[in-house]
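When you read off a place in the sequence shown, starting at 1, and then add 24, the result is the number in the working numbering. Glycine included, C-beta positions come from ideal geometry on N, C-alpha and C. This structure is a prediction, so every number in the text was calculated from the model and none was measured. Everything on this sheet refers to the single structure shown next.
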Amino acid sequence: MNDANHKDIFELHGISKSFGDLKVLDDVSLALEAGKTTVIIGPSGCGKTVLLKHLMVLIRPDRGAVFFAGARIDKLKEKQLIPVRRRCGFLFQAGALFDSETVAQNVGFPLMQHTNYTQKEIDELVHERLELVGLAGLEKRMPGELSGGQQKRIALARAIALSPEVVLYDEPTTGLDPIRSGTINELIIKLQNELNITSIAVTHDMHSAYKIADRIIMLDQGRVIADGNPDQIRHSADQRVQRFVRGQSVDLANEEINTPNA
(Lines of atoms letter the chains of each structure in order from A and count residues from 1; the text may use other names and numbers.)
(Lines give C-alpha, C1' and ligand atoms only; values in the text may rest on other atoms or scores of the structure.)
Protein backbone atom coordinates (compact mmCIF):
# COMPACT_ATOMS: atom_id res chain seq x y z
CA MET A 1 0.00 0.00 0.00
CA ASN A 2 1.01 3.58 -0.52
CA ASP A 3 0.70 6.32 2.11
CA ALA A 4 -1.86 5.23 4.72
CA ASN A 5 -2.53 8.93 5.40
CA HIS A 6 -3.36 9.66 1.77
CA LYS A 7 -5.91 12.50 1.75
CA ASP A 8 -8.32 10.64 -0.55
CA ILE A 9 -8.81 7.19 0.91
CA PHE A 10 -10.68 5.98 -2.21
CA GLU A 11 -10.53 7.14 -5.81
CA LEU A 12 -12.72 5.92 -8.65
CA HIS A 13 -11.48 6.72 -12.15
CA GLY A 14 -14.01 6.32 -14.97
CA ILE A 15 -15.81 3.31 -13.46
CA SER A 16 -18.36 1.61 -15.72
CA LYS A 17 -20.23 -1.59 -14.93
CA SER A 18 -22.96 -3.47 -16.78
CA PHE A 19 -24.85 -6.65 -16.02
CA GLY A 20 -25.90 -8.03 -19.38
CA ASP A 21 -27.59 -5.22 -21.27
CA LEU A 22 -28.16 -3.19 -18.11
CA LYS A 23 -25.59 -0.42 -17.56
CA VAL A 24 -25.48 0.22 -13.80
CA LEU A 25 -22.49 2.57 -13.54
CA ASP A 26 -21.54 4.86 -16.39
CA ASP A 27 -18.08 6.50 -16.28
CA VAL A 28 -18.15 7.43 -12.58
CA SER A 29 -15.15 9.31 -11.19
CA LEU A 30 -14.95 10.24 -7.50
CA ALA A 31 -12.39 10.97 -4.81
CA LEU A 32 -13.52 10.19 -1.24
CA GLU A 33 -11.66 12.04 1.50
CA ALA A 34 -10.28 10.23 4.54
CA GLY A 35 -11.81 11.07 7.91
CA LYS A 36 -15.07 12.31 6.41
CA THR A 37 -18.57 10.83 6.11
CA THR A 38 -19.76 10.56 2.52
CA VAL A 39 -23.37 9.55 1.83
CA ILE A 40 -24.49 8.20 -1.54
CA ILE A 41 -28.16 8.68 -2.41
CA GLY A 42 -30.35 8.05 -5.43
CA PRO A 43 -33.38 6.09 -6.65
CA SER A 44 -33.50 2.31 -6.54
CA GLY A 45 -31.40 0.71 -9.25
CA CYS A 46 -29.21 3.78 -9.81
CA GLY A 47 -25.99 1.94 -8.87
CA LYS A 48 -25.44 2.96 -5.23
CA THR A 49 -24.75 -0.48 -3.76
CA VAL A 50 -22.82 -1.56 -6.86
CA LEU A 51 -20.57 1.47 -6.40
CA LEU A 52 -20.09 0.59 -2.72
CA LYS A 53 -19.08 -2.96 -3.61
CA HIS A 54 -16.54 -1.67 -6.13
CA LEU A 55 -14.73 0.09 -3.28
CA MET A 56 -14.11 -3.27 -1.60
CA VAL A 57 -13.57 -5.00 -4.97
CA LEU A 58 -16.50 -7.30 -4.24
CA ILE A 59 -17.38 -6.36 -7.83
CA ARG A 60 -14.77 -5.48 -10.46
CA PRO A 61 -15.35 -2.75 -13.05
CA ASP A 62 -15.76 -3.38 -16.76
CA ARG A 63 -13.76 -0.19 -17.33
CA GLY A 64 -11.93 2.22 -15.06
CA ALA A 65 -9.79 1.88 -11.96
CA VAL A 66 -10.25 1.78 -8.17
CA PHE A 67 -7.57 3.17 -5.85
CA PHE A 68 -7.25 2.77 -2.07
CA ALA A 69 -4.79 5.00 -0.19
CA GLY A 70 -3.11 5.85 -3.48
CA ALA A 71 -2.65 2.27 -4.74
CA ARG A 72 -4.70 0.63 -7.47
CA ILE A 73 -6.67 -2.34 -6.11
CA ASP A 74 -9.18 -3.48 -8.72
CA LYS A 75 -6.57 -5.60 -10.50
CA LEU A 76 -5.38 -7.35 -7.33
CA LYS A 77 -6.03 -11.04 -6.80
CA GLU A 78 -8.28 -12.12 -3.93
CA LYS A 79 -5.35 -13.02 -1.69
CA GLN A 80 -3.73 -9.65 -2.36
CA LEU A 81 -6.95 -7.89 -1.35
CA ILE A 82 -6.91 -9.29 2.19
CA PRO A 83 -4.72 -6.48 3.64
CA VAL A 84 -6.97 -3.88 1.99
CA ARG A 85 -10.17 -5.44 3.29
CA ARG A 86 -8.73 -5.72 6.80
CA ARG A 87 -8.51 -1.94 6.82
CA CYS A 88 -12.22 -1.65 5.96
CA GLY A 89 -15.41 -2.73 7.70
CA PHE A 90 -18.66 -3.44 5.86
CA LEU A 91 -22.13 -3.17 7.39
CA PHE A 92 -24.48 -5.13 5.16
CA GLN A 93 -28.08 -4.01 4.71
CA ALA A 94 -29.56 -7.01 6.54
CA GLY A 95 -26.74 -7.19 9.09
CA ALA A 96 -25.71 -10.67 7.88
CA LEU A 97 -25.19 -12.07 11.38
CA PHE A 98 -24.62 -15.79 11.81
CA ASP A 99 -27.88 -17.07 13.31
CA SER A 100 -26.28 -20.14 14.89
CA GLU A 101 -23.55 -18.19 16.73
CA THR A 102 -23.73 -16.01 19.81
CA VAL A 103 -23.26 -12.26 19.77
CA ALA A 104 -19.70 -12.70 21.05
CA GLN A 105 -18.91 -15.25 18.33
CA ASN A 106 -20.34 -12.95 15.65
CA VAL A 107 -18.34 -9.92 16.76
CA GLY A 108 -15.22 -11.99 17.33
CA PHE A 109 -15.37 -13.73 13.94
CA PRO A 110 -13.04 -11.27 12.09
CA LEU A 111 -10.59 -11.45 14.98
CA MET A 112 -10.56 -15.25 14.83
CA GLN A 113 -10.06 -15.20 11.06
CA HIS A 114 -7.47 -12.47 10.69
CA THR A 115 -5.42 -12.27 13.91
CA ASN A 116 -3.37 -14.48 16.18
CA TYR A 117 -4.96 -13.12 19.33
CA THR A 118 -5.62 -15.41 22.26
CA GLN A 119 -9.20 -16.16 23.23
CA LYS A 120 -8.82 -13.86 26.22
CA GLU A 121 -7.64 -11.00 23.99
CA ILE A 122 -10.54 -11.62 21.59
CA ASP A 123 -13.03 -11.63 24.46
CA GLU A 124 -11.65 -8.31 25.71
CA LEU A 125 -11.87 -6.71 22.26
CA VAL A 126 -15.39 -8.05 21.73
CA HIS A 127 -16.44 -6.50 25.04
CA GLU A 128 -14.87 -3.16 24.03
CA ARG A 129 -16.67 -3.14 20.69
CA LEU A 130 -20.00 -4.03 22.27
CA GLU A 131 -19.47 -1.30 24.85
CA LEU A 132 -18.82 1.16 22.04
CA VAL A 133 -22.21 0.38 20.43
CA GLY A 134 -24.00 0.32 23.79
CA LEU A 135 -24.65 -3.43 24.00
CA ALA A 136 -22.09 -4.74 26.48
CA GLY A 137 -23.50 -7.67 28.43
CA LEU A 138 -25.24 -9.34 25.48
CA GLU A 139 -22.28 -11.56 24.57
CA LYS A 140 -24.16 -14.83 25.19
CA ARG A 141 -27.36 -13.84 23.39
CA MET A 142 -28.31 -15.29 20.01
CA PRO A 143 -29.18 -12.93 17.12
CA GLY A 144 -32.77 -14.21 17.07
CA GLU A 145 -33.23 -12.95 20.63
CA LEU A 146 -32.42 -9.37 19.64
CA SER A 147 -34.45 -6.55 18.11
CA GLY A 148 -33.71 -5.31 14.60
CA GLY A 149 -31.93 -2.25 15.98
CA GLN A 150 -29.80 -4.38 18.30
CA GLN A 151 -28.88 -6.69 15.42
CA LYS A 152 -27.71 -3.70 13.37
CA ARG A 153 -25.57 -2.51 16.27
CA ILE A 154 -24.08 -5.99 16.74
CA ALA A 155 -23.29 -6.08 13.01
CA LEU A 156 -21.64 -2.66 13.39
CA ALA A 157 -19.57 -3.93 16.34
CA ARG A 158 -18.39 -6.77 14.09
CA ALA A 159 -17.61 -4.32 11.27
CA ILE A 160 -15.26 -2.37 13.55
CA ALA A 161 -13.75 -5.43 15.29
CA LEU A 162 -10.43 -5.05 13.46
CA SER A 163 -10.22 -1.29 14.13
CA PRO A 164 -10.72 -0.37 10.46
CA GLU A 165 -9.86 2.97 8.92
CA VAL A 166 -13.03 2.88 6.81
CA VAL A 167 -16.55 1.57 7.40
CA LEU A 168 -18.95 1.14 4.47
CA TYR A 169 -22.66 1.07 5.26
CA ASP A 170 -25.33 -0.35 2.95
CA GLU A 171 -28.69 1.17 4.00
CA PRO A 172 -27.79 1.29 7.73
CA THR A 173 -31.24 2.48 8.89
CA THR A 174 -33.47 0.39 6.59
CA GLY A 175 -36.25 -1.37 8.50
CA LEU A 176 -35.67 0.57 11.71
CA ASP A 177 -38.07 2.93 13.45
CA PRO A 178 -37.03 6.60 13.89
CA ILE A 179 -35.63 6.08 17.39
CA ARG A 180 -33.46 3.11 16.41
CA SER A 181 -32.44 4.87 13.19
CA GLY A 182 -31.33 7.81 15.31
CA THR A 183 -29.22 5.47 17.42
CA ILE A 184 -27.42 4.16 14.33
CA ASN A 185 -26.86 7.70 13.08
CA GLU A 186 -25.36 8.73 16.42
CA LEU A 187 -23.07 5.70 16.34
CA ILE A 188 -21.78 6.60 12.87
CA ILE A 189 -21.02 10.14 14.09
CA LYS A 190 -19.41 8.75 17.27
CA LEU A 191 -17.10 6.46 15.29
CA GLN A 192 -15.97 9.36 13.13
CA ASN A 193 -15.40 11.69 16.07
CA GLU A 194 -13.79 9.24 18.51
CA LEU A 195 -11.95 6.86 16.18
CA ASN A 196 -11.48 9.09 13.11
CA ILE A 197 -13.15 6.43 10.97
CA THR A 198 -13.97 7.32 7.38
CA SER A 199 -17.62 6.45 6.72
CA ILE A 200 -19.21 5.82 3.33
CA ALA A 201 -22.93 5.13 3.45
CA VAL A 202 -25.60 4.27 0.90
CA THR A 203 -29.09 5.28 1.99
CA HIS A 204 -32.61 6.26 0.91
CA ASP A 205 -33.15 7.92 4.29
CA MET A 206 -32.68 11.66 3.78
CA HIS A 207 -33.06 12.42 7.48
CA SER A 208 -30.12 10.10 8.11
CA ALA A 209 -28.16 11.54 5.18
CA TYR A 210 -28.52 15.11 6.41
CA LYS A 211 -27.64 14.04 9.96
CA ILE A 212 -24.40 12.16 9.31
CA ALA A 213 -22.98 13.49 6.04
CA ASP A 214 -20.11 15.83 5.45
CA ARG A 215 -20.74 15.27 1.74
CA ILE A 216 -23.68 13.85 -0.23
CA ILE A 217 -23.36 12.38 -3.73
CA MET A 218 -26.45 11.59 -5.78
CA LEU A 219 -26.48 9.00 -8.54
CA ASP A 220 -29.11 8.70 -11.24
CA GLN A 221 -28.99 6.21 -14.11
CA GLY A 222 -25.45 5.27 -13.17
CA ARG A 223 -24.03 8.80 -13.22
CA VAL A 224 -23.22 11.41 -10.59
CA ILE A 225 -25.77 14.21 -10.91
CA ALA A 226 -25.13 16.09 -7.65
CA ASP A 227 -22.23 16.42 -5.23
CA GLY A 228 -22.05 18.76 -2.27
CA ASN A 229 -22.56 19.29 1.43
CA PRO A 230 -26.01 18.65 2.94
CA ASP A 231 -27.11 22.27 2.59
CA GLN A 232 -26.08 22.39 -1.08
CA ILE A 233 -28.02 19.18 -1.79
CA ARG A 234 -31.06 20.39 0.13
CA HIS A 235 -31.16 23.56 -2.02
CA SER A 236 -30.05 22.05 -5.34
CA ALA A 237 -31.61 23.60 -8.44
CA ASP A 238 -31.68 20.21 -10.19
CA GLN A 239 -35.27 19.00 -10.23
CA ARG A 240 -34.18 15.34 -10.10
CA VAL A 241 -32.44 16.03 -6.83
CA GLN A 242 -35.38 17.97 -5.42
CA ARG A 243 -37.85 15.23 -6.31
CA PHE A 244 -35.72 12.64 -4.58
CA VAL A 245 -34.88 14.52 -1.39
CA ARG A 246 -38.52 15.64 -1.00
CA GLY A 247 -39.90 12.19 -1.81
CA GLN A 248 -42.02 13.51 -4.67
CA SER A 249 -43.57 11.12 -7.17
CA VAL A 250 -42.70 11.40 -10.85
CA ASP A 251 -45.04 11.08 -13.83
CA LEU A 252 -42.78 8.82 -15.88
CA ALA A 253 -44.93 9.13 -18.99
CA ASN A 254 -44.73 12.90 -19.09
CA GLU A 255 -41.58 13.63 -17.13
CA GLU A 256 -39.57 16.70 -18.08
CA ILE A 257 -36.27 17.03 -16.31
CA ASN A 258 -35.08 20.57 -15.68
CA THR A 259 -31.41 20.86 -14.88
CA PRO A 260 -29.33 23.97 -14.26
CA ASN A 261 -27.16 25.30 -17.04
CA ALA A 262 -23.60 24.00 -17.07
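Nearest to P188 by CA position, among H37, V52, G59, V48, is which residue? Position 164 of the sequence shown holds residue 188. Taking only the C-alpha atoms, the option nearest P188 is G59.
Which one or two residues does DSSP pair with C112 in a beta bridge? For this step, residue 112 is matched to residue 88 along the sequence shown. Its beta-bridge partners are V190.
Distance check for I249 and A160, CA to CA, integer angstroms please. In the sequence shown, residue 160 corresponds to position 136, counting from 1. In the sequence shown, residue 249 corresponds to position 225, counting from 1. Distance between the alpha carbons of A160 and I249 is about 42 Å.
CB-CB under 6 Å to G44, same chain, minus the five flanking residues each way: which ones, in chain order? Taking the sequence shown and counting its residues from 1, the one referred to as residue 44 is at position 20. Hits under 6 Å: none found.
Shortest alpha-carbon distance to V127 belongs to which of C112, G38, E102, R153? For the purposes of this step, residue 127 is identified with residue 103 of the sequence shown, where counting begins at 1. Minimum Cα distance to V127 is reached at R153.
Our contact map puts L180 next to V150 with C-beta atoms below 8 Å; I'd like the distance itself, whole angstroms only. Residue 180 sits at position 156 when you count from the first residue of the sequence shown. Residue 150 sits at position 126 when you count from the first residue of the sequence shown. With a Cβ gap of about 13 Å, L180 and V150 do not count as contacting.
Identify every run of the alpha helix (DSSP H) within the stretch 193 to 274, keeping only runs that are complete inside it and at least 4 residues long; order them along the chain. 202 to 219, 230 to 236, 254 to 258, 263 to 270
Cut-off 8 Å between Cβ atoms - residues of its own chain near V265, not counting five sequence neighbours on either side: Residue 265 sits at position 241 when you count from the first residue of the sequence shown. Closer than 8 Å at Cβ, skipping near neighbours: M242, I249, A250, I257.
Secondary structure of D147, DSSP reduced to three states: Here residue 147 refers to the residue found at position 123 of the sequence shown. D147 falls in the helix class under three-state DSSP.
If you draw a straight line from the C-alpha of R165 to the C-alpha of S40, how long is it? Position 141 of the sequence shown, counted from the start, is the residue given in the question as residue 165. Position 16 of the sequence shown, counted from the start, is the residue given in the question as residue 40. R165 and S40: Cα-Cα distance of roughly 43 Å.
Closest by C-alpha distance to L79, when choosing among N220, V226, L135: On the sequence shown, position 55 is the one that residue 79 refers to. Cα-wise, what sits closest to L79 is V226.
By Cβ distance, which residues of its chain are closer than 7 Å to P85, with the 5 residues on each side in sequence left out? The residue given as residue 85 occupies position 61 in the sequence shown. The answer, listed in chain order, is I39, S40, K41, H78, D98.
Please identify the residue among L215, S205, K214, I213 whose C-alpha is closest to the C-alpha of M230. For the purposes of this step, residue 230 is taken as residue 206 along the sequence shown, with counting starting at 1. Of the candidates L215, S205, K214, I213, the one whose C-alpha sits nearest the C-alpha of M230 is S205.
Host beta strand (DSSP E) of V63 (start-end): For this step, residue 63 is matched to residue 39 along the sequence shown. Here the beta strand (DSSP E) through V63 covers 61 to 65.
Which residues DSSP lists as bridging V52, in chain order: Residue 52 sits at position 28 when you count from the first residue of the sequence shown. I39, per the DSSP bridge assignment.
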